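In the numbering used here, the protein residues as written are 34 to 206. Beta carbons: idealized from backbone N, C-alpha and C, even for Gly. Remember, it's a predicted structure, so these values are computed and weren't measured experimentally.
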């Protein structure tokens, strides 16, 4: 009799087994759930912290563009969307920091940045977009050169000995 119902028992237990498998979570699922809980608890505070950092820096860089083009990358779009809201509120100068020598590409990226900000509703009469070093705290140029030329002093028994900067020849930095 058991042989007769064997197939019926197997078929009847399949939905139970499938439901049990759906409840299993991977490590990624668990970590994502923890991050979501953390974001719910601290999300507003983190948003304000990020906004303050963006306002302090007010820049975009080569990473925000698709290589060798003037088009924004996904990261660039996200950054400019947030910056547009802040620039619309406070105005200011958005700096494009680059090490490129291609003046045409730099000009294209600056123009594309202006257009994108305007499309997001940013009041462009209060905003400048220029190619220059990013903002933030730093040393004035003269003081930075003076410290670079002086080197770092290291205390020894005989007094201070200046250490000088020697570039790495391996190219790995």
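Continuous alpha helix (DSSP H) stretch holding residue i: start and end
| i | result |
| --- | --- |
| residue 71 | 60-90 |
| residue 127 | Not the alpha helix (DSSP H): residue 127 falls in the beta strand (DSSP E), residues 125-130. |
Where residue i falls, given that 16 or more other Cβ within 10 Å makes a residue buried
| i | result |
| --- | --- |
| residue 97 | buried |
| residue 154 | exposed |
| residue 198 | Unreliable positioning characterises residue 198 in this predicted model, as indicated by a pLDDT of 45, which lies under 50. The coordinate reading is nonetheless provided below. So residue 198 ends up on the exposed side. |
| residue 124 | exposed |
Reduced DSSP category for residue i - H, G, I as helix; E, B as strand; rest coil
| i | result |
| --- | --- |
| residue 156 | coil |
| residue 120 | helix |
| residue 57 | coil |
| residue 105 | strand |
Presumed contact (8 Å Cβ cut-off) between residue i and residue j, rounded CB distance
| i | j | result |
| --- | --- | --- |
| residue 87 | residue 128 | 12 Å between Cβ atoms; not a contact. |
| residue 164 | residue 157 | That belief does not hold up - the Cβ atoms of residue 164 and residue 157 are roughly 17 Å apart, past 8 Å. |
Report yes or no: do the region 69-89 and the region 133-148 share at least 3 C-beta pairs separated by less than 8 Å? no
On the three-pair Cβ rule with 8 Å, is the region 78-98 touching the region 53-69? They do not touch, by the three-pair rule.
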